[in-house]
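What follows is a set of notes on a single structure, which appears directly below.
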């Protein structure tokens with residue numbers, strides 16, 4: 056829940072440990088993502104993504120997910136401009152990372168953006184990228200389901 060992450064942030068502050076602070080803020084953001092408080096998640100992640108650390112890239116991915124989530128209200132697309140913002144964040148991850156898993160997650164995010172924008176070509180392109188990477192890295196079936204749903208909905212070629 057939220058309390059352990061807050062406690063971790065308090066402890067990190069007492070220790071004046073910037074690495075622990077980054078972990079704690081990321082933990083709080085993950086909590087907010089889990090309860091669909093996307094704006095709060097993004098706020099926690101802004102400092103993390105601007106501070107060099109070993110999990111900065113992961114924080115950037117989480118921020119993209121938080122921005123994507125902000126496009127919706129009551130499970131309906133309300134702020135389509137957030138889709139474009141999320142796409143830019145995912146594309147930046149795709150371009151900058153050397154991690155195949157992160158590339159897969161970025162492609163998966165771009166698949167979702169394309170799906171919500173009802174853009175078949177975009178969705179199919181990125182679903183193909185994500186699926187290929189997930190297969191190559193031996194991703195879990197759960198991860199492979201991410202791009203599969205939109206690809207099936209648009210009847211993308213395998």
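Numbering (the numbering used here), first residue to last: 56 to 213. From the three backbone atoms N, C-alpha and C, an ideal C-beta is built for every residue, glycine too.
For residue 146, the secondary structure class from DSSP, reduced to helix, strand or coil, is helix. Using a Cβ distance threshold of 7 Å, residue 169 and residue 177 count as a contacting pair. Closest in alpha carbon position to residue 116, among 79, 134 and 103, is 103. For residue 60, same chain residues with a beta-carbon under 7 Å away, outside a window of 5 residues either side, are 79, 82, 83 and 86 in chain order.
By alpha-carbon distance to residue 106, the top candidate from 132, 74 and 124 is 74.
A Cβ-Cβ contact shorter than 7 Å links residue 172 with residue 138.
Each of 166, 210, 120 and 114 was checked against the Cα of residue 92, and the nearest Cα belongs to 120. Taking the Cα of residue 211 as reference, the smallest distance to any Cα among 198, 128 and 166 is reached at 166.
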